[in-house]
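Novice: Got a structure for you, questions after.
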Amino acid sequence: MNKTDKTGTFYGIGVGPGEQGLLPVLAWEALQKCGAIFVPRATSQEGSTAKGCLPAHTLPEARFHEVEFDMSTDHGALLARYTTMAEQIAAHLRAGRDVAYLTLGDSMTYSTFNYTLRAVRATCPEAPWRVFPGVSSYAALAAATGFPLGEGKERVLILPCPESMETLERALARHDITVLMKIGRRLPEVLSLLDRMHLTEQAAFGGRVGMPDAVCQLGVEGLLTAPPSGYLSTMLIRNPAPLPL
Ligand SMILES: C[S@@+](CC[C@H](N)C(=O)[O-])C[C@H]1O[C@@H](n2cnc3c(N)ncnc32)[C@H](O)[C@@H]1O
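Read left to right, the sequence shown gives residues 26 to 270 (this note's numbering).
Given below as structure tokens:
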């Protein structure tokens with residue numbers, strides 16, 4: 026790629042987190058001007074979920090670069106992956122092209138974009154960058170179910186689901202509202218705990234919120250006998266009588 030005097034801008038853009046076309050107007054305007062668009066794709070998925078949240082067939086296919094992630098827990102392997110991708114992004118930026126990296130939901134919330142931004146800034150410190158916030162999964166679920174995410178001085182905890190249900194029980198006991206993310210295979214255990222704590226009526230469940238096969242509901246009693254998949258799922262849990270902190 027040729028060098029130019031003007032370095033392109035690197036954009037982080039949060040989309041979805043499921044519904045097609047759900048992204049800020051400013052982000053959409055910036056995205057349309059990007060010569061290269063990097064989209065993450067889990068190895069287990071056929072296509073990029075983030076890319077699927079863009080308005081259909083509006084941008085030339087040639088601009089998209091899929092980056093495959095195998096959710097490896099090997100930190101060294103992940104770091105190498107981000108460094109290689111940052112070098113590819115930097116090559117476009119140095120050639121004067123604006124580059125976007127799409128993330129599902131909000132760009133800065135538990136997002137792989139955080140690693141990407143760090144790696145791009147280290148590799149190409151001269152490039153300007155801007156992050157457009159997106160709609161987080163829990164904001165999308167709150168909107169879909171009419172669940173208030175904090176009223177007055179209520180305390181809201183955002184928590185990746187712990188392995189131990191005792192840890193989760195303690196957290197639920199101490200907050201007015203708990204936003205539970207990254208539930209995965211622990212969903213049946215979480216639902217049983219909510220049942221024991223008499224919180225099933227005060228909880229909302231969102232699986233694949235905004236997608237055509239979304240499961241979204243206020244009150245989770247009905248999920249106890251046949252829990253849906255916990256993959257890409259989030260819960261909002263209200264404790265009507267939290268303990269003092
Ligand atoms: C790596 S984090 C990404 C968070 C995302 N950046 C956000 O703003 O919500 C993945 C977790 O986000 C939540 N999530 C992402 N998309 C979702 C969706 N469409 N429906 C429900 N939960 C979702 C799930 O809790 C999932 O385990």
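Virtual Cβ for every residue (Gly too), placed ideally from N, Cα, C. Small disclaimer: the values here were computed from a predicted structure and weren't measured.
Pull the bridge partners of TYR36 from the DSSP assignment, please.
Specialist: Per DSSP, ALA125 and ARG155.
Novice: Assuming the contact rule is C-beta atoms closer than 8 Å, THR162 and GLY130 should be a hit. Round their C-beta distance to whole Å, please.
Specialist: Note that residue 162 is Ser in the sequence shown, not Thr. Indeed they touch by this definition, with Cβ atoms about 5 Å apart.
Novice: So which of PRO173, ALA120 and ALA251 has the shortest CA-CA distance to ALA229?
Specialist: Ranking PRO173, ALA120 and ALA251 by Cα distance to ALA229 puts PRO173 first.
Novice: For the beta strand (DSSP E) containing GLU93, name the first residue and the last one.
Specialist: From DSSP, the beta strand (DSSP E) with GLU93 extends over 89–94.
Novice: Using the C-alpha atoms, what's the distance from GLU151 back to ARG263?
Specialist: If I take the Cα positions, the gap works out to 46 Å.
Novice: Are ASP95 and THR137 closer than 8 Å when you measure CB to CB?
Specialist: Going by C-beta atoms, ASP95 is not nearer than 8 Å to THR137.
Novice: Can you round the beta-carbon distance between ALA75 and GLY46 to whole angstroms, since I take them to be within the 8 Å contact cut?
Specialist: Their Cβ separation, rounded to whole angstroms, is 13 Å, which puts ALA75 and GLY46 out of contact at 8 Å.
Novice: Pick helix, strand or coil for ILE208, following the three-state DSSP scheme.
Specialist: Looking at ILE208 - three-state DSSP - the assignment turns out to be coil, as it is neither helix nor strand.
Novice: For LEU261, does the three-state DSSP call read helix, strand or coil?
Specialist: Three-state result, LEU261: strand.
Novice: Are there any heavy atoms of ligand 1 lying less than 7 Å away from the beta-carbon of ILE62, as far as the coordinates show?
Specialist: No; taking the cut-off as 7 Å, the Cβ of ILE62 has no heavy atom of ligand 1 nearer than that.
Novice: I'd like to know if the region 175–192 and the region 237–254 are in contact, where contact means that at least 3 CB-CB pairs between them fall below 8 Å.
Specialist: The answer is no - the region 237–254 does not touch the region 175–192, with fewer than three Cβ pairs under 8 Å.
Novice: May I ask you to report which of helix, strand or coil DSSP gives PHE138?
Specialist: Looking at PHE138 - three-state DSSP - the assignment turns out to be helix.
Novice: To the nearest angstrom, how far is the alpha carbon of ILE62 from that of ALA55?
Specialist: Rounded to the nearest angstrom, the two C-alpha atoms are 11 Å apart.
Novice: Would ILE231 pass as a contact of SER258 if the rule is Cβ separation under 8 Å?
Specialist: One point to set straight first is that residue 231 is Gly, not Ile, in the sequence displayed. Yes. Within cutoff.
Novice: Grab the span of the beta strand (DSSP E) containing LEU182 for me, first residue to last.
Specialist: It spans 181–185 - the beta strand (DSSP E) in which LEU182 sits, taken as one unbroken run.
Novice: Regarding ASP95 and ligand 1, is the C-beta to nearest heavy atom distance less than 7 Å?
Specialist: No, since every heavy atom of ligand 1 falls outside the 7 Å radius drawn around the Cβ of ASP95.
Novice: State the beta-bridge partners of VAL64 as determined by DSSP.
Specialist: According to DSSP, which records beta bridges pairwise, VAL64 is partnered with GLU91.
Novice: Quick one: what does DSSP say ASN27 is sitting in, helix, strand or coil?
Specialist: Annotation note: pLDDT 49 at ASN27 (below 50); position unreliable, coordinate value reported separately. Coil.
Novice: Quick one: does the C-beta of ARG199 sit closer than 7 Å to a heavy atom of ligand 1?
Specialist: Answer for ARG199: no, Cβ out of range of ligand 1.
Novice: Taking all protein chains shown into account, decide if GLY171 is buried (16 or more other Cβ within 10 angstroms of its Cβ) or exposed.
Specialist: Label assigned to GLY171: exposed.
Novice: For ARG199 and LEU261, which I take to be in contact (beta-carbon distance under 8 Å), what is that distance rounded to the nearest angstrom?
Specialist: Wrong, their Cβ atoms sit about 16 Å apart, outside the cutoff.
Novice: Please say whether ARG122 and CYS149 have beta carbons closer to each other than 8 Å?
Specialist: Not closer than 8 Å, so no.
Novice: Based on the DSSP output, what are the partners of GLN242 in its beta bridges?
Specialist: Answer is PHE230, bridged to GLN242.
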